[in-house]
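Let me begin by presenting the structure, written as structure tokens, before commenting on it.
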Amino acid sequence: MKKLTIRSDQEKKKILNRLNRIEGQVRGVKRMITEDQYCNDILIQLAAIDKSVQSLSIEMLESHLYRCISNDMKDGNIETIDEVIQLFRRFQK
């Protein structure tokens, strides 16, 4: 069975706004490349995109731990620990 996470409209809006901002940053880098802008300037923008994605990922992970994982643990679903371990391994890369 596929798991779902129900989010409030406010949560969805906040996440989507951040994703839209990241999408805008990516479009900006694409434009910089087509305009043959200096590599260093592009790399600075790519680093900013990376930080934005990392920040959103951490926020999503925190939400997942507090909401989904804690509920699974309360319900006695200890298999969810494996899910958390896999998530941390992905974040280490």
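Numbering-wise, the sequence shown is residues 1 to 93 according to the UniProt record's numbering. Beta carbons are placed, not taken as given, at the ideal position from N, Cα and C, and that holds for glycine.
Rounded to whole angstroms, the separation of the alpha carbons of Asp36 and Ser8 is 42 Å. In this chain, the alpha helix (DSSP H) harbouring Asp82 covers Thr80 to Gln92.
Between the stretch 21–40 and the stretch 77–87 there are fewer than three inter-stretch CB-CB distances shorter than 8 Å, so the stretches are not counted as touching. Rounded to the nearest whole angstrom, the C-alpha separation of Arg89 and Ile58 is 14 Å. Here the alpha carbons of Arg18 and Lys3 stand approximately 23 Å from one another.
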